[in-house]
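Asks: Before I ask anything, here is the structure I am working with.
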Amino acid sequence: LHKCSKIEQIFRHYFHTCEIYLLNIPQHGLYNFAYSDKPEKSLISVIVENGVDNHRVAYNEENSFEPNPLIINRFDQVWFDSSSANIAAIYRTDEHGNPYESEKPLFQPQPNSINYYMQEFQTLGVYYFSTDINSNNKKKQEQTPTQPLAIVVIPEIRFHYTSIGKDNFNSDPIITNINDFVIWEFNEIISHRSAQLRSNGTYEELIGSHERAIPGRHRQCLAVECTIPGTFFFTNPDFERVNGSVNNRLFSTIIIDPPFSHNCFVTSGHEFVPHVLYISENDTVSWALGNNQKNHQISVKLSEADEGQDQESFIDLNIAQYIPGVYHLHTFNKQGQYTIRSHRFDSTALVFVYSETNIRNEKRQLQEPKILETIDTVSDFGKQIHFDCPNRNAILYYTLDGSTPTRRYENVSRYDPKQGVCLLESGLHILRAYSTEDNRISSAIITSRFVFVYEK
1 LHKCSKIEQI
11 FRHYFHTCEI
21 YLLNIPQHGL
31 YNFAYSDKPE
41 KSLISVIVEN
51 GVDNHRVAYN
61 EENSFEPNPL
71 IINRFDQVWF
81 DSSSANIAAI
91 YRTDEHGNPY
101 ESEKPLFQPQ
111 PNSINYYMQE
121 FQTLGVYYFS
131 TDINSNNKKK
141 QEQTPTQPLA
151 IVVIPEIRFH
161 YTSIGKDNFN
171 SDPIITNIND
181 FVIWEFNEII
191 SHRSAQLRSN
201 GTYEELIGSH
211 ERAIPGRHRQ
221 CLAVECTIPG
231 TFFFTNPDFE
241 RVNGSVNNRL
251 FSTIIIDPPF
261 SHNCFVTSGH
271 EFVPHVLYIS
281 ENDTVSWALG
291 NNQKNHQISV
301 KLSEADEGQD
311 QESFIDLNIA
321 QYIPGVYHLH
331 TFNKQGQYTI
341 RSHRFDSTAL
351 VFVYSETNIR
361 NEKRQLQEPK
371 ILETIDTVSD
381 FGKQIHFDCP
391 NRNAILYYTL
401 DGSTPTRRYE
411 NVSRYDPKQG
421 VCLLESGLHI
431 LRAYSTEDNR
441 ISSAIITSRF
451 VFVYEK
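For the sequence shown, my numbering assigns the number 1 to the initial residue and increments by one for each residue that follows.
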């Protein structure tokens with residue numbers, strides 16, 4: 001949760017005698033500084049939030065880009081540089097490198113100019129770019145076309161602040177994205193490190209978590225960097241002490257969602273799940289690989305233009321090494337019906353893209369479901385929970401482990417109003433649910449507070 005490094009010995013004398021000490025901090029995060037080796041002396045915590053980053057992409061005479069793909073955060077800026085003497089025009093293209101007919105070049109070289117092009121990305125999604133180098137060179141036209149540059153814009157890095165003071169502790173789950181930071185700010189000095197709880201831990205483990213707490217340096221801030229998707233529970237004796245709680249176990253819940261998880265296909269060995277998605281224009285759909293699945297090449301085509309598939313129509317945009325939990329992405333810029341294919345099986349899926357005007361006029365947006373019962377912090381084994389949905393024909397899906405129900409893995413269940421949701425496993429649970437319906441946009445995801453199911 002923190003890392004302290006000693007200042008080099010050569011600076012020690014000046015650090016203790018000078019009035020001003022300057023330090024360049026190039027990376028965002030939480031930094032702790034100690035002015036004494038004594039553990040009872042409090043650390044000085046400095047929070048450095050993320051700013052706008054500048055990225056550079058180089059293209060060469062073969063119309064290839066480096067790096068490719070490029071993963072950036074929203075509001076970041078990208079500079080396009082030529083690695084040769086030839087300065088080319090830059091176009092927005094589709095995933096195959098074909099320029100959009102209705103769009104003019106984003107950049108056209110000008111004589112007696114610096115001829116740099118920079119673009120800021122304010123909208124999430126996948127953007128493709130290419131140059132006119134091949135079209136200006138007949139010999140290069142005969143070569144195999146190169147892949148366009150893919151720029152994937154993921155959510156900006158956010159800092160989630162939680163203040164902990166007297167009678168002030170918010171136990172609601174903190175929902176984050178990958179690369180976010182969660183900062184716990186205490187109104188008093190604390191002296192313990194936070195520990196992570198197992199979701200399937202026993203009641204005795206929960207009660208005894210304070211006895212296992214490890215003392216740390218005195219401070220008033222703790223931080224967690226969100227690096228992998230999942231649901232995480234953290235406990236700390238100082239949560240209760242600073243809050244003033246007696247005979248209780250307060251802990252903080254962090255849910256880390258993969259980006260673009262609301263509209264998602266899970267690719268199994270023989271099909272896409274679900275088979276149909278209904279989305280809004282300019283939404284981005286993600287693909288996740290099922291258990292033990294190999295890489296898939298994905299094809300996205302407007303159904304009206306679907307005249308059979310050739311090998312070049314399948315794209316292998318394997319970005320899992322850059323974005324944990326996400327294998328493929330596609331941004332749908334035009335309304336219509338699209339057919340989705342994988343080169344590994346014959347089964348297809350459909351994506352229906354509606355305009356904002358159509359969604360508003362036809363009332364295609366579903367409302368989120370509501371939980372009818374009050375969920376207590378500790379619940380008996382077998383307790384039933386029910387939902388109420390304003391849309392009569394909607395189908396509800398839910399999870400109990402805090403994962404996103406829109407990613408239909410084995411842990412996602414379909415809600416049965418007659419049976420409700422039964423808490424049949426001991427341990428910590430987070431209930432999340434959303435509603436779907438044919439020809440309508442799925443609802444937002446609702447998230448409950450944690451519940452510890454106690455099996456007597």
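Just so you know, even glycine gets a beta-carbon here, dropped at the ideal spot from N, CA and C.
#1: In this structure, does DSSP put Ser-448 in helix, strand or coil?
#2: Is the separation between the beta-carbon of Val-378 and that of Phe-450 shorter than 8 Å?
#3: To which residues of the same chain is Thr-131 closer than 8 Å at the C-beta, ignoring the five residues directly before and after it?
#4: Using 8 Å for Cβ pairs, my map puts Pro-237 next to Ile-178. What's the rounded Cβ distance?
#5: Quick check on the DSSP output: the alpha helix (DSSP H) that includes Phe-239 runs from which residue to which?
#6: What residues in its chain sit with their C-beta under 6 Å from that of Ile-44, if we drop five residues either side in the sequence?
#7: Can you name the start and end residues of the alpha helix (DSSP H) that Leu-23 belongs to?
#8: Taking all protein chains shown into account, decide if Glu-204 is buried (16 or more other Cβ within 10 angstroms of its Cβ) or exposed.
#9: Determine the extent of the beta strand (DSSP E) in which Arg-360 is found, giving its start and end residues.
#10: Under the DSSP definition of a beta bridge, which residues are partnered with Ala-213?
#11: Excluding the 5 residues preceding and the 5 following Ile-323 in the sequence, name in chain order all residues of the same chain whose CB lies nearer than 8 Å to its CB.
#12: Hey, could you find the ends of the beta strand (DSSP E) Tyr-128 is sitting in?
#13: What are the residues that DSSP puts in a beta bridge with Ser-286?
#14: Where does Ile-375 fall in DSSP's three states?
#15: Please state whether DSSP places Ser-83 in a helix, a strand or coil.
#16: Taking the C-alpha atoms as reference points, what is the distance between His-328 and Ile-340?
#17: Quick one: give me the first and last residue of the alpha helix (DSSP H) that Tyr-203 is part of.
#18: Thinking just about the alpha-carbon of each residue, which of Leu-350, Arg-74, Ile-441, Gly-216 is nearest to the one in Asp-37?
#19: Got a sec? Which residues, its chain only, sit under 6 Å from Phe-65 by beta carbon, not counting five neighbours each side?
#20: Using C-beta distances below 6 Å, list every residue in its chain close to Val-285, excluding the 5 sequence neighbours before and after it, in chain order.
#21: Can you grab the Cα-Cα spacing for the pair Arg-432 / Asn-411, in whole Å?
#22: Considering only C-alpha positions, which residue in the set Leu-302, Val-353, Asn-295 is nearest to Val-326?
#23: Looking only at C-alpha atoms, which of Ile-133, His-270, Phe-239, Asp-76 sits nearest to Phe-121?
#24: Could you spell out the range, first to last residue, of the beta strand (DSSP E) harbouring Gln-337?
#25: Using a threshold of 8 Å, state whether the C-beta atoms of Pro-369 and Phe-352 are closer than that.
#26: Opposite Ser-252 in the DSSP bridges: which residues?
#27: For Ser-303, name the three-state secondary structure that DSSP assigns.
#28: Given a cut-off of 8 Å, decide if Glu-188 and Ser-163 are closer than it, judged by their beta-carbon atoms.
#29: Please return the same chain residues whose Cβ sits closer than 6 Å to the Cβ of Ile-47, not counting the five positions on each side in sequence.
#30: Comparing C-alpha positions only, which one of Gly-51, Pro-67, Asn-50, Ser-84 sits nearest to Glu-61?
#31: Do you know offhand how far Ile-441's Cα is from Phe-107's?
#32: Give me, in chain order, the residues of the same chain whose beta-carbon lies closer than 6 Å to that of Glu-225; leave out the 5 immediate sequence neighbours on both sides.
#33: Counting C-beta neighbours from all protein chains within 10 Å, is the total for Ile-111 16 or more, i.e. buried, or is it exposed?
#34: Look at the alpha carbon of Ile-430 and the alpha carbon of Thr-348, and state the distance between them as a whole number of angstroms.
#35: Can you tell me whether Ser-313 is helix, strand or coil according to DSSP?
#36: Does the ligand PLP have a heavy atom nearer than 7 Å to the CB of Cys-264?
Replies: Based on what the coordinates show:
#1: strand
#2: no
#3: Tyr-59, Asn-63, Ala-88, Ala-89, Ile-90, Tyr-91
#4: About 29 Å separates the two Cβ atoms, so there is no contact after all.
#5: 237 to 243
#6: Phe-33
#7: Premise fails: Leu-23 is in no alpha helix (DSSP H) and is neither H nor E.
#8: exposed
#9: First-last for Arg-360: 356 to 361, but that is the alpha helix (DSSP H), not the beta strand (DSSP E).
#10: None; Ala-213 has no bridge partner.
#11: Ile-71, Val-152, Ile-154, Ile-178, Pro-258, Pro-259
#12: 125 to 131
#13: Cys-264, Leu-329
#14: coil
#15: coil
#16: 12 Å
#17: 203 to 207
#18: Gly-216
#19: Val-57, Tyr-59, Leu-149
#20: Asn-263, His-330
#21: 12 Å
#22: Asn-295
#23: Asp-76
#24: 336 to 342
#25: no
#26: Phe-234
#27: helix
#28: no
#29: Leu-30
#30: Ser-84
#31: 36 Å
#32: Phe-181
#33: With the sequence shown as reference, residue 111 is identified as Pro, and Ile is not the correct amino acid for it. Label assigned to Pro-111: exposed.
#34: 33 Å
#35: helix
#36: The ligand PLP is absent from the structure shown, which contains no ligands of any kind.
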